[in-house]
Amino acid sequence: MKIVIINYGAGNIQSIMFAIERLGFKAVLTNNPEEIKSADKVIFPGVGEASSAMAKLRESGLDGLIPQLKQPVLGICLGMQLMCNKTEEGNTQGLGIFDVDVLKFSNNVKVPQMGWNQIYDLKTDLFKDISENEFMYLVHSFYAPNCAESIATTNYDIEYASALQKDNFYGTQFHPEKSGDVGEKILGNFLKMPIS
1 MKIVIINYGA
11 GNIQSIMFAI
21 ERLGFKAVLT
31 NNPEEIKSAD
41 KVIFPGVGEA
51 SSAMAKLRES
61 GLDGLIPQLK
71 QPVLGICLGM
81 QLMCNKTEEG
91 NTQGLGIFDV
101 DVLKFSNNVK
111 VPQMGWNQIY
121 DLKTDLFKDI
131 SENEFMYLVH
141 SFYAPNCAES
151 IATTNYDIEY
161 ASALQKDNFY
171 GTQFHPEKSG
181 DVGEKILGNF
191 LKMPIS
């Protein structure tokens with residue numbers, strides 16, 4: 001199986017690489033459109049700031065490629081947020097895959113949300129054999145509100161979507177690669193997704 005991690009200069013790629021290796025697979029880090037298109041599974045990571053990350057995607061033409069991918073695609077953290085319509089972070093236009101706008105947490109809570117929080121209302125095979133209310137690791141100041149495409153929910157000041165899915169596209173606000181055995185099981189579930 002060919003697993004590609006999109007390399008666009010945003011994100012802690014190494015921890016995802018190691019998690020995939022622990023699951024018994026190898027991943028290729030690339031921004032080559034042909035390699036991305038020919039992959040069986042694509043991971044779109046992200047740590048950093050939305051507007052500069054989107055600028056890098058536009059420079060490389062990946063902003064046009066990612067929404068057209070037909071194989072299973074997993075956006076992680078900022079990767080998931082960039083797959084939404086737009087984000088309040090830097091007033092940035094996103095890829096428009098998920099039909100929701102990303103908002104900033106209110107001043108009622110400590111921002112960023114950093115550390116462990118529970119996920120619940122789990123839907124789809126991404127969460128196959130995962131218990132409700134498992135703790136996942138999160139680091140973020142912006143969130144996607146609950147919407148029709150939510151497949152997991154977390155509460156921090158308000159309930160928000162900690163995972164999204166539309167067709168072959170999945171997104172997690174939490175970091176499965178940093179969430180221990182349960183997070184790696186979710187990553188493993190993604191890698192087992194059938195290729196359409």
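Position one of the sequence shown corresponds to residue 1 (full-length UniProt numbering), numbered consecutively onward.
Heads up, the beta-carbon is just placed ideally off N, CA and C, and yes, glycines get one too.
Note that this is a predicted model, so its numbers are computed, not measured.
8 Å Cβ shell around residue 153 - same chain, five flanking residues per side excluded = Sequence index remark: in the sequence shown, residue 153 carries index 153 (1-based). Counting only residues of its own chain and dropping the five nearest sequence neighbours on each side, residue 153 has a CB closer than 8 Å to the CB of 119, 120, 121, 146, 159, 160, 161, 162.
Residue interval of the beta strand (DSSP E) (run including residue 94) = Along the sequence shown, read from residue 1 onward, the residue named residue 94 stands at position 94. Annotation for residue 94: no beta strand (DSSP E) segment contains it, and DSSP assigns it neither H nor E.
How big is the Cα-Cα spacing for residue 17 and residue 2?
-> Stepping through the sequence shown from its first residue, residue 17 is reached at position 17. Stepping through the sequence shown from its first residue, residue 2 is reached at position 2. Roughly 13 Å separates the two Cα atoms.
How close, in whole Å, do the beta carbons of residue 201 and residue 45 come, if the pair is a contact with beta carbons under 8 Å?
-> The structure shown has nothing for residue 201, since the chain only spans 1 to 196.
Using a threshold of 9 Å, state whether the C-beta atoms of residue 190 and residue 41 are closer than that.
-> Working through the sequence shown from its first residue, we reach residue 190 at position 190. Working through the sequence shown from its first residue, we reach residue 41 at position 41. Going by C-beta atoms, residue 190 is nearer than 9 Å to residue 41.
Every unbroken beta strand (DSSP E) inside the stretch 9-77 [3 residues or more] | Here the runs fully enclosed are 27-30, 41-44, 73-76.
Thinking just about the alpha-carbon of each residue, which of 171, 127, 156 is nearest to the one in residue 198?
-> With the chain represented from 1 up to 196, any question about residue 198 goes unanswered, as that position is not in the structure.
Going by alpha carbons, who is nearest to residue 33 out of 4, 21, 26, 164?
-> Translated into the one-based positions of the sequence shown, residue 33 becomes position 33. When the alpha-carbon of residue 33 is set against those of 4, 21, 26, 164, the nearest one is in 4.
Residue range of the unbroken beta strand (DSSP E) whose run includes residue 85 | Numbered from its first residue, the sequence shown carries residue 85 at position 85. Per DSSP, the continuous beta strand (DSSP E) segment holding residue 85 begins and ends at 84-87.
Count the other CB atoms within 10 Å of the CB of residue 86; is the residue buried (16 or more) or exposed (fewer)?
-> As a first step, residue 86 must be located in the sequence shown, where it is residue number 86. Under the 10 Å beta carbon count, residue 86 is surrounded by 16 or more other beta carbons and is classified as buried.
Do residue 57 and residue 95 have their C-beta atoms within less than 9 Å of each other?
-> As a position in the sequence shown, residue 57 is number 57, starting the count at 1. As a position in the sequence shown, residue 95 is number 95, starting the count at 1. Yes. Within cutoff.
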